[in-house]
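Report on the following structure.
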Ligand code: CO
């Protein structure tokens, strides 16, 4: 792979227990406001996106006890959950990662929040970081 496939850091996702408290904290600390808010039922999360230039801080909270984010908080506590890398073509970037040795969580791109197309890649194959590929 020689062409650079990443076009932006799309978002940094932080898992929190109390979404309202986290939003309020970011507002008081930085004057940050919520640009987009959404419940993604299939992932069992509610998210609030705080826009930072062309990227987002994504505050994430579980909507049910069996959601992956609930399990992550249970296991590791609150904190950095994943990094979203923006790409022009999610399928191309996913294949490039697989070719580089990545273990996909999603075998093919699927719908994400705010109308994006996304695919997750397992942290064990990516130096301990859960990676989400995001195509707008
Ligand atoms: Co994300």
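In our numbering, the protein residues as written are -6 to 129.
Where a beta carbon is used, it is the ideal one built from N, C-alpha and C, also for glycine.
What do you reckon, is the C-beta of residue i under 6 Å from a heavy atom of the ligand CO?
| i | result |
| --- | --- |
| residue 125 | yes |
| residue 77 | yes |
| residue 25 | no |
| residue 6 | yes |
Buried or exposed for residue i, going by 16 or more other Cβ atoms inside 10 Å?
| i | result |
| --- | --- |
| residue 17 | exposed |
Counting only runs of 4+ residues fully inside the segment 37 to 81, write out the alpha helix (DSSP H) ranges in chain order. Within the segment 37 to 81, the runs of alpha helix (DSSP H) at least 4 residues long that lie entirely inside it are, in chain order, 61 to 69.
Kindly confirm or deny that the segment 77 to 95 and the segment 12 to 28 touch, where touching means at least three C-beta pairs closer than 8 Å. Verdict: no, contact absent.
Contact between the segment 57 to 66 and the segment 32 to 40: three or more CB pairs below 8 Å? Segments in contact, yes.
Mind the definition here: the segment 38 to 56 touches the segment 108 to 117 only if three or more C-beta pairs lie below 8 Å; say whether that holds. Note that the segment 38 to 56 does not touch the segment 108 to 117; fewer than 3 beta-carbon pairs, one per stretch, sit closer than 8 Å.
Counting Cβ pairs closer than 8 Å, one from the segment 69 to 78 and one from the segment 89 to 98, do we hit at least three? No: the two stretches stay apart, fewer than three of their Cβ pairs being nearer than 8 Å.
Contained beta strand (DSSP E) runs [length at least 3] in the segment 8 to 38, N- to C-terminal order: Counting only runs of 3 or more residues that sit fully inside the segment 8 to 38, the beta strand (DSSP E) segments are 27 to 33, in chain order.
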